[in-house]
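Heads up: the sequence shown begins at 103 in the numbering used here, then just goes up one per residue. Glycine included, C-beta positions come from ideal geometry on N, C-alpha and C. These numbers were taken from a predicted model, which means no experiment stands behind them.
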Amino acid sequence: MQTTPVTSTHESGYSAAQENWARYQYGKDRGHLEYMEQAHKCEGMYLGGGEQWSAEDKAVLRAQRRPFYEFNEVMPSINSALGYQISNRMDIAFKPRGENGDLATATVLSKVVMQVCDMTAQRWLETQVYGDGLIEQRGYYDLRMNFDTNIKGEIELGTLDPRDVIPDPDSKSYDPDKWSDVIVSRWLTLDEIEQMHGQKARDAAEASGDTSEDHGDQDEGTPRNKFGSTSTVSMYDAYGKNAGLERYRVIDRQKWVYENTECLVYPETGDVRTVGQMTDEQVQDAMAKGAVKAKRMRRRVKWLVTTYSATLFDDYSPYEHFTIVPYFAYFRRGKTRGMVDNAIGPQEALNKAVSQFTHIVNTSANSGWQVEENSLTNMDTEELKATGAMTGLVIEYKKGSSPAQKITANAVPTGVDRLIDRATQALKDVTVPDSMRGLQGGAVSGVAKQADQFASQQMLAVPMDNLAYTRQLLARRLVKLVQRYYDSYRVFRITETDAMTGKQVEKSLEINKFDPETGSYINDVTIGEYDVVITEQPMQVTFENSQFNQALEMRKGGIAIPDATVIRYSSLSDKHEILANMQSQDKADPLAEAKAALLAAQTRKADSDTTARGVEAQYSAIQTAQVIAATPQTSTLADILLKSAGFVDRDAGPIVPQLPPGAMPPEAIDMPTNTNPMTPANPAVGMMEGIETSAGDGLRDEAEQFSPR
């Protein structure tokens, strides 16, 4: 919180307060009043519960005794969009830029900033800001330092009511650095003023007498949301001075000024830093390292906090940026829209069509009666008028007279039901479709539902892209606060996931730790420039389920995914204990050893078979070569047979060497034959016989061929 004492750069506190008040009125008249009315209406459309009808319309319908129903289709649509944001969280990382930054420090800085986000409940605050943007067009973070619980300072992150924030009405940029100023209107008690701005500010506010009752609708504004209502406030003295709850409208304004400012210039890098945004220790350390003081025209933030007539704070801001970080769901050069804005028309049409349809059905039950004069005996016409629509009605008429007849009611116009269908569809078209809510029906497969949900998420592309920009702005301001205010030794408790076991492990992270041996600081996060890298983290359950299914599919496909990896991505509640038990178990598993031995034996047998086949092929080739050498005319036939069998020659063809041109073939030799179909000739026979004889198996003399055995 801001704790700088009251100082004034104006001639008087009153003139500063009048300047602030005039700027506040200018911002309201330039569009903020219209925005507040629209935001109030959009919020009623989202909340429902009777707020989708204006008080004037409800009064007219009550007078006509007509119903007004609400079929709230806006809330489930917005909740689906909020659910998508909740399922995808922010992950901040930094990468070094410039000569003073390094990857190790960037990693440390990333962990520190994510730790700050956890400590400030950023994930829940982001949901509030995102919801404000979808419903009321605009959402705002408030980022500053708090020295209440830690004298060194802790980063504080909060949210603001969008209707309390008045951006520069003449700006057309998303980035607050391009606004000329921003105003936050608050109602504060004296105790709150003292807590934020000190005793002098409290005394100035109390002396001003600028008190009022905070009902939220002062100065033509719209009511603000509170736990209480304003219907019976005047009966109590809860706002009295003795109760300590007198409230003052405080105009909190931050603006850019361009002035001649004392700076530090770093000759080596050329960087320029404003002295007023540095502590005395930082200035002395920089000058010891060669920095030089100089006067330069610089852009700075001026902070002015006033009531209507009293100045509470008037000095330069200790921050380099506005503390306001905006989010706009839809942004078009200064024009903002939310998701509810375009749903107002279809929702009102749906409510009116349903109410009209119900009114027609109700009136048709008592459409009237036609009776002959003085024909009723058990009632008169006034009683029939009052009770004519009751169940079990008995009408007695005089004998000989015409019986009473029910007047036929007009049929419900056919266009009314079609209007209901059209309004319902239009609501889904301008918000989110049924597929994004998973409402396609039970006949649709889960895979098809996921595909439709993924496709329908394109409707949230613009709001989510703007949210990514807001995350970028927030991360840039966070790192600057860390580098400036986290300049002393600090220890953070970081919880990380072990890469091997998947178990959550707590580690100590020390920053700005002085090393006496080297005379430098370890993990010095105050130096260097870094770029912001924002990534979107899917919701843990959905992310782990998808990873688990992918791991199973990869194992089915033959990829050796380790068991520990599959278990780590499962949704088992005690998976970390299972992983720990797996690692602590004895590695000597008899069954596993037997399987490994069998696999090794099968591998050796396959190697032996391959060797035997190779030897057999080598022997057959040698025997074939001997035959061709003895009878070259067989080479042509052998070549044809090999080609027919599909043999592929690894050298140039032909496969079997042929007789040279003009060469005379040698005398034919009768070859041994075997006509027994049970024992055909094969290389194995020759191989076995060749072991016992050195002669070629296919070459025998004539005596051996024809000698009886």
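Around the Cβ of residue i, are there at least 16 other Cβ atoms within 10 angstroms (buried) or fewer (exposed)?
{"i": "Pro325", "result": "exposed"}
{"i": "Gly659", "result": "exposed"}
{"i": "Arg199", "result": "exposed"}
{"i": "Glu370", "result": "exposed"}
{"i": "Asp519", "result": "exposed"}
{"i": "Met441", "result": "buried"}
{"i": "Leu147", "result": "One point to set straight first is that residue 147 is Met, not Leu, in the sequence displayed. Flag for Met147 reads buried."}
{"i": "Val750", "result": "exposed"}
{"i": "Pro565", "result": "buried"}
{"i": "Glu615", "result": "With the sequence shown as reference, residue 615 is identified as Lys, and Glu is not the correct amino acid for it. So Lys615 ends up on the exposed side."}
{"i": "Ile742", "result": "exposed"}
{"i": "Arg164", "result": "exposed"}
{"i": "Tyr232", "result": "buried"}
Can you tell me whether residue i is helix, strand or coil according to DSSP?
{"i": "Gly330", "result": "coil"}
{"i": "Ala525", "result": "helix"}
{"i": "Thr795", "result": "Residue placement at Thr795 is flagged as unreliable, the pLDDT there being 46, under the threshold of 50; a coordinate-derived value is accordingly withheld."}
{"i": "Met789", "result": "Because Met789 sits at a pLDDT of 49, beneath the cut-off of 50, its placement in the model cannot be relied upon, and the point is left open."}
{"i": "Pro169", "result": "coil"}
{"i": "Tyr721", "result": "helix"}
{"i": "Gln356", "result": "strand"}
{"i": "Asp416", "result": "strand"}
{"i": "Gly260", "result": "strand"}
{"i": "Val518", "result": "helix"}
{"i": "Glu498", "result": "coil"}
{"i": "Trp289", "result": "strand"}
{"i": "Asp244", "result": "strand"}
{"i": "Ile730", "result": "helix"}
{"i": "Ser117", "result": "helix"}
{"i": "Gln704", "result": "helix"}
{"i": "Pro505", "result": "coil"}
{"i": "Leu674", "result": "coil"}
{"i": "Tyr350", "result": "strand"}
{"i": "Glu364", "result": "strand"}
Compute the distance between the beta-carbons of residue i and residue j, then report whether it is under 7 angstroms.
{"i": "Phe173", "j": "Val284", "result": "no"}
{"i": "Asp416", "j": "Ala183", "result": "no"}
{"i": "Ile613", "j": "Arg592", "result": "yes"}
{"i": "Asp589", "j": "Thr637", "result": "no"}
{"i": "Ser419", "j": "Val407", "result": "no"}
{"i": "Pro271", "j": "Arg435", "result": "no"}
{"i": "Lys197", "j": "Val635", "result": "yes"}
{"i": "Thr381", "j": "Glu348", "result": "no"}
{"i": "Arg573", "j": "Met192", "result": "yes"}
{"i": "Thr261", "j": "Leu290", "result": "no"}
{"i": "Cys365", "j": "Ala388", "result": "no"}
{"i": "Ile194", "j": "Ala577", "result": "yes"}
{"i": "Leu486", "j": "Tyr499", "result": "no"}
{"i": "Tyr126", "j": "Ile426", "result": "no"}
{"i": "Asn568", "j": "Phe430", "result": "yes"}
{"i": "Asn438", "j": "Arg400", "result": "For the record, residue 438 in the displayed sequence is Thr; it is not Asn. No; because the gap between Cβ atoms is not below 7 angstroms, this pair is not in contact."}
{"i": "Trp471", "j": "Ala513", "result": "no"}
{"i": "Ser179", "j": "Thr533", "result": "yes"}
{"i": "Arg288", "j": "Ala141", "result": "no"}
{"i": "Ile509", "j": "Ser469", "result": "yes"}
{"i": "Val374", "j": "Val385", "result": "no"}
{"i": "Thr229", "j": "Leu259", "result": "no"}
{"i": "Tyr82", "j": "Ser411", "result": "The structure shown does not extend to residue 82, since the chain spans only 103 to 811, so no value can be given for it."}
{"i": "Leu529", "j": "Ala451", "result": "no"}
Looking at the unbroken alpha helix (DSSP H) that takes in residue i, where does it start and where does it end?
{"i": "Val231", "result": "Gln224 to Glu238"}
{"i": "Thr736", "result": "Thr736 to Ser746"}
{"i": "Val215", "result": "Leu205 to Met221"}
{"i": "Tyr137", "result": "Leu135 to Leu149"}
{"i": "Arg670", "result": "Asp665 to Arg670"}
{"i": "Val385", "result": "Asp382 to Ala390"}
{"i": "Arg401", "result": "Careful: Arg401 lies outside any alpha helix (DSSP H), inside the beta strand (DSSP E) at Val394 to Thr408."}
{"i": "Arg304", "result": "Gln301 to Ser310"}
Looking at the unbroken beta strand (DSSP E) that takes in residue i, where does it start and where does it end?
{"i": "Met192", "result": "Asn190 to Arg199"}
{"i": "Ile253", "result": "Looking at the DSSP string, Ile253 is not in any beta strand (DSSP E), and its letter there is neither H nor E."}
Contact criterion: CB-CB distance below 7 angstroms. Does residue i meet it with respect to chain C?
{"i": "Gly494", "result": "Going by chain labels, chain C is absent from the structure shown, which holds only one protein chain."}
Every unbroken beta strand (DSSP E) within the region 566 to 642, with a cutoff of 3 residues, ordered by chain: Fully enclosed beta strand (DSSP E) runs of 3 or longer: 592 to 599, 606 to 613, 615 to 617, 622 to 624 and 631 to 640.
Counting only runs of 3+ residues fully inside the region 412 to 495, write out the beta strand (DSSP E) ranges in chain order. Within the region 412 to 495, the complete beta strand (DSSP E) runs of at least 3 residues are 413 to 418, 426 to 430, 432 to 434 and 437 to 439.
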